[in-house]
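Enquirer:
Residue numbers (the working numbering), protein chains in the order written: chain A, 1 to 341; chain B, 1001 to 1392.
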């Protein structure tokens, strides 16, 4: 296998967040495919109970169990890709897991579930349910093939995390829990989880589109993460999703935006293509070019804004036909080309 | 962009009829995150105000520039008058941003005596609950809506629901809190305090196991804090439950109109479908679907396929070495871009049709995607006009 440097070598837990509607799940899935190069196993985790991963990979709803959902993106000269596994974590399953793993208390856990302990955690102390969920992800990221060996079960874990507005609080588990528990087992657990999340093994990636609100939320989210954790949680890259490429060169774009593009030239072109007889078509297309130029200008402004964060930017194209499995591989290839995986 | 011909769904949503009907007292905009709920709510509020209603927009998480344009620079939990609204028809517009924690504190203060209130406000569980996002925001949005409606200072309240992980959380949150307060765990936690020893004997074996396990997971101190909090909350429980039920009934009343907002994306439309079915099951009055950010073209007579073919024809003609002759690059760009736009529009149309064929009786309004984000009253007016001028 050829080894090559990527921007996130050494990162084992990739946390992917983003504003609703920016395609956070799609980017997380593409990143998992890109990371699963030759022979490497990658786990893709979903935490919000939406079954978005199952829909993307066109498979039945994911249980609380690690299931293989796809083969990773093959590398050139290195043959086929590795395996992408997926897991849907819910607080209830994570609680049972926690009780079994640390206290061998599975049956008690079931009794607690019946009594509404999970409702309790999710309703009155969401910090507690967050620590159980992030705990599952960090456990998977640290899991070894056997107790003494030093090889990990998963080369990387990718988490499709809660949206940007909630991410810092979600990840800042030890602070959230320490407000509730000064000492005690859950506190100890939270501190263990926090050590992984605050290590260089974890990076938090932000997904955005080149629009004002998602860009603003991304910058706010990065600032919030820095402020809340004093830089202890490592920010990752910014993944620009659904970018639309410019169709005209710079001069023509400027002309289109100001309305000084040569309409006669367009009309002549349409005529040469055999659709010149259509009345008013040139004017309508000219209006569309103008909108396109405005949109490109807006995108450029937003990209500049994102650059001020100093984070690496990756850009994924808009897929006009909608995301299917084939386009996920296409996006994965784009991520790998740009060094994200 | 000029109004574009859109193939008609079975029903068009008549927004002006809804906002002009004085019996409409509450409009709830719901839908999954990132579909433009806040913008839709603000646009409806503005249009209603300019058509003579005393409107109040309750928003949860507005974009900064949109908030600024409405004068929402501080989060003070009271409606503020919005400047720049055309009041010629006698209407007015107020807007407010929800302060979740303050709203919760106010409920506690209203329902408990001062000592107990202070005790609750200082409890770590209360602090975690009242400042976290999961569920509390939904509950508090409904609480605030109830308060505004009760105050009766506005004749139309437009509310934008919180950006929930799932659109459904918004209906579930008050009930989840109620169910939780009513649940067995609460009885176990509050058992020693209120049930006395005879009750305890019956529960004894189970209780010992329970508290044993909870202590093991949470630690004794956490359990004690939780018990204190729950016991304190228990005294306000009746009030909580009553308010939740009052708000729930208010939402079912004929003066309420639900609008489901969706972007033409599979996830957003799937959520919209669930929501429509859920509203129906809860007998909540659904007014219609707002399909936001649709792509349309004024040149829809030129199909994607023909546009692409024309671009390819020109590219074959266009030989870079020939210095003479016309330059076709602009036409090629225009045709390729148009093809992509038509393709996108066609996909959105197909997704919208999936929705309308599953829910044929639901009126739909479509809002065309704007080249730039809306962040002033002028932009909101454009959206309001699009919401209202359907099929004309």
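Just so it is clear, CB atoms sit at the ideal spot from N, CA and C, and this is done for glycine as well.
Can you find a CB in chain B that lies within less than 9 Å of the CB of residue 294(A)?
Expert: yes
Enquirer: Would you mind telling me which residues of chain D sit closer than 9 Å to residue 1343(B), beta carbon to beta carbon, in chain order?
Expert: This model lacks chain D altogether, as its protein chains are A and B.
Enquirer: Using the C-alpha atoms, what's the distance from residue 1253(B) back to residue 303(A)?
Expert: 47 Å
Enquirer: How long is the line joining the alpha carbons of residue 1389(B) and residue 1026(B), rounded to whole angstroms?
Expert: 21 Å
Enquirer: For residue 1373(B), collect the residues of the same chain with a Cβ closer than 6 Å to its Cβ; drop the 5 residues on either side in sequence, then sort them by chain order.
Expert: Same-chain partners within the cutoff: there are none.
Enquirer: Name, please, each residue of chain B whose Cβ falls closer than 7 Å to the Cβ of residue 179(A).
Expert: The answer, in chain order, is 1124, 1127 and 1128.
Enquirer: Do residue 1218(B) and residue 185(A) count as a contact pair if the criterion is CB distance below 9 Å?
Expert: yes
Enquirer: So if I threshold CB-CB distances at 7 Å, which residues from the stretch 1022-1036 of chain B count as touching chain A?
Expert: 1032, 1033, 1034 and 1035
Enquirer: Roughly how many angstroms lie between the CA atoms of residue 326(A) and residue 259(A), to the nearest whole one?
Expert: 39 Å
Enquirer: Give me the Cβ distance between residue 1067(B) and residue 1097(B), rounded to the nearest whole Å; I'm assuming they're in contact under 8 Å.
Expert: 7 Å
Enquirer: Taking 9 Å as the threshold (beta carbon to beta carbon), is residue 1334(B) in contact with chain A?
Expert: yes
Enquirer: At a CB-CB cut-off below 7 Å, which residues of chain A make contact with residue 1298(B)?
Expert: 284 and 287
Enquirer: Using a Cβ-Cβ cut-off of 9 Å, state whether residue 222(A) counts as contacting chain B.
Expert: no
Enquirer: Which runs of the alpha helix (DSSP H) fall wholly inside the stretch 149-181 of chain A and span at least 4 residues, in chain order?
Expert: 164-171 and 173-178
Enquirer: How big is the Cα-Cα spacing for residue 1310(B) and residue 252(A)?
Expert: 20 Å
Enquirer: List the endpoints of the continuous alpha helix (DSSP H) containing residue 292(A).
Expert: 281-307
Enquirer: Check residue 339(A) in the structure and name its three-state DSSP category.
Expert: coil
Enquirer: Mind pulling the chain B residues with CB within less than 8 Å of residue 185(A)?
Expert: What residue 185(A) touches in chain B: 1216, 1217, 1218 and 1219.
Enquirer: Note down, in chain order, each residue of its chain lying with its Cβ closer than 6 Å to the Cβ of residue 93(A), except the 5 sequence neighbours on either side.
Expert: 64
Enquirer: By DSSP, does residue 1162(B) sit in helix, in strand, or in coil?
Expert: Residue 1162(B): coil per DSSP, three-state reduction.
Enquirer: Three Cβ pairs or more, each shorter than 8 Å: is that satisfied between the stretch 198-215 of chain A and the stretch 302-320 of chain A?
Expert: Verdict: yes, contact present.
Enquirer: Going by other Cβ atoms of all chains shown within 10 Å of its Cβ, with 16 needed for buried, is residue 143(A) buried or exposed?
Expert: Exposed.
Enquirer: Would you please verify whether the beta carbon of residue 1317(B) is less than 9 Å from any beta carbon of chain A?
Expert: yes
Enquirer: For a contact meaning CB atoms closer than 8 Å, what does residue 1310(B) contact in chain A?
Expert: 270, 273, 274 and 275
Enquirer: Closer than 7 Å by beta-carbon distance: list the chain A residues that pair up with residue 1050(B), in chain order.
Expert: Simply none; closest approach about 25 Å.
Enquirer: Could you tell me the distance, in whole angstroms, from the CA atom of residue 25(A) to the CA atom of residue 131(A)?
Expert: 21 Å
Enquirer: Look up residue 46(A) in the DSSP assignment and say whether it is helix, strand or coil.
Expert: strand
Enquirer: Taking 6 Å as the limit between beta carbons, can you name the residues of its chain near residue 6(A), skipping five residues before and five after?
Expert: 339 and 341
Enquirer: Please list, in chain order, the chain A residues whose beta carbon lies closer than 9 Å to that of residue 1302(B).
Expert: 275, 278, 281, 284 and 285
Enquirer: Please check if any C-beta of chain A sits within less than 9 Å of the C-beta of residue 1197(B).
Expert: Residue placement at residue 1197(B) is flagged as unreliable, the pLDDT there being 45, under the threshold of 50; a coordinate-derived value is accordingly withheld.
Enquirer: How far does the alpha helix (DSSP H) with residue 1330(B) in it reach, from first residue to last?
Expert: 1329-1358
Enquirer: Using alpha carbons as the reference points, say which of 1386(B), 1285(B) and 1028(B) lies closest to residue 1149(B).
Expert: 1028(B)
Enquirer: Please state whether DSSP places residue 91(A) in a helix, a strand or coil.
Expert: helix
Enquirer: Do residue 10(A) and residue 320(A) come within 9 Å of each other at the CB atom, strictly closer than that value?
Expert: no
Enquirer: Using a beta-carbon distance below 9 Å, is residue 41(A) in contact with chain B?
Expert: no
Enquirer: Chain A partners of residue 1057(B), CB-CB under 8 Å?
Expert: Here the premise fails: no neighbours, minimum Cβ distance about 17 Å.
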